[in-house]
Amino acid sequence: MVLPNTVVDSSTQELLEAQSHVWNLTFSFINSMCLKSALELGIPDAIHKHNKPITISELADALSIPKSKSHALFRLMRVLVHSKVFAKAEEDAYALTGTSRLLLRDEPMSFTPFILTTTDPIAVGTYDSMTEWFRDECPTPFVTKYGRNVWEFGAHEARWNQLFNKGMTTDSELIGKILARECKHVFEGLETVVDVAGGRGALAKAVAAAFPGMKLVVLDLPQVVDGLQGFENVSFVSGDMFKYVPPADAVILKWILHDWSDEDCLRILENCKEATAAGSGKVIILDMVVDCEKQEHKAIETQLFFDMVMMVGLGGKERTEKEWANLFSMAGFQNYKITPLLGLRSVIEVFPR
Ligand SMILES: C[S@@+](CC[C@H](N)C(=O)[O-])C[C@H]1O[C@@H](n2cnc3c(N)ncnc32)[C@H](O)[C@@H]1O
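Here's what the structure looks like:
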């Protein structure tokens, strides 16, 4: 029997609400860990393969989970339904949602590699060192924890390097498709473009497919591009963007400047300005513009999470429009245009005049 709610003193109510809030904050990581486990178990693919809503016992069979763990699987699914990763289609059967469709392994723009990178023990472990880092001299908690920065770490740890590059590639495939569909005007009239720190070329490939006459060069570190073959109008150059950016009409910086401090961004932007001096001079930045006033609570929270990822892992930051404008002006650019067409990110075109 459940007793009706009794009226409690308002200070008691406040205390209990505070406790509930603290519990929720404390256990927030469980959402990420349940999502990670669902991906590692292959739950989205199993539901997809089943072709109709799947019951717990069918799901357990499909995943070769013993009967003794069926109830645990039910409890995992209950959390994941609550976080809208899956939906309850019927009383006891589960279906994919728009979110879990993006987690299918064969989905060309699958988010799974990005999630597995950011929830990997290497990435999650850096947060253990955040407090220590506030008191030490290291540039990031990542360095406090692992003794070298994330790029040096990637050059030595093949598994992490592969995981990270795969995570970036799938994100660039998604953004590349959206850019080619929604932002063609950004690339119109450009004959040569360098994707600076362009990873394994996924974005360049999408832009190249949309503009067959354009020549694209992807510049990145040796551990990322060495051994990659160019294709059609895309070629790879291994190098250091702090030293040299090949000349072009325009350059792309996708998810680069948020990795770096203002001082480092200035060096990158100055190299990009020099590289494009003979062409349009345009720099195309794909990054977030943080707006704590205009956006809704969850969007802001996600941008602030990204800002922590940058601080803890890389020593960079997510910037407000004012911070972007300061950076552009310090690097000698006269003008910029923000097009918020990429969800939480924007296309920021920066012009020298
Ligand atoms: C966050 S990832 C973004 C990759 C790609 N632009 C994308 O969005 O898929 C940052 C990239 O910067 C590259 N990088 C880091 N330092 C670099 C440097 N000094 N010169 C060139 N590339 C660098 C990394 O190897 C990595 O591919």
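Quick note: to get the numbering used here, add 1 to the position in the sequence shown (first position is 1). Glycine included, C-beta positions come from ideal geometry on N, C-alpha and C. None of these values were measured; they are calculated from a predicted model.
*Do Val194 and Ala249 have their C-beta atoms closer together than 8 Å?*
yes
*Rounded separation between Ala203 and Val218 - CA only*: 12 Å
*Under 8 Å by Cβ, that's how I've got Leu270 and Ala326 pegged, so tell me the actual separation to the nearest angstrom.*
Not quite, the Cβ-Cβ distance comes to about 13 Å (not below 8 Å), so this is no contact.
*CA-to-CA distance, Leu287 to Ile253, given in whole angstroms*: 8 Å
*asked:* Going by DSSP in three states, Ala90 sits in which element: helix, strand or coil?
replied: strand
*Is Phe243 near ligand 1, going by C-beta to nearest heavy atom under 7 Å?*
yes
_Does the beta-carbon of Val225, which I'm using as the reference point, lie nearer than 7 Å to any heavy atom of ligand 1?_
yes
*May I ask you to report which of helix, strand or coil DSSP gives Ser12?*
helix
*Measure the C-alpha to C-alpha separation of Thr141 and Ser58 and round it to an integer number of angstroms.*
46 Å
*asked:* Do Leu180 and Ala198 have their beta-carbon atoms positioned less than 8 Å apart in this structure?
replied: no
_Status (buried if at least 16 other CB within 10 Å, exposed otherwise) for Gly148_ = exposed
*So, Trp261 versus Gly314, is the Cβ gap smaller than 8 Å?*
no
*Beta-ladder partner(s) of Met289, from DSSP*: Arg346
*Short Cβ contact (8 Å threshold) for Asn272 with Gln224*: no
*Just tell me which of Met2, Val9, Arg106 has its CA closest to the CA of Leu42.*
Arg106
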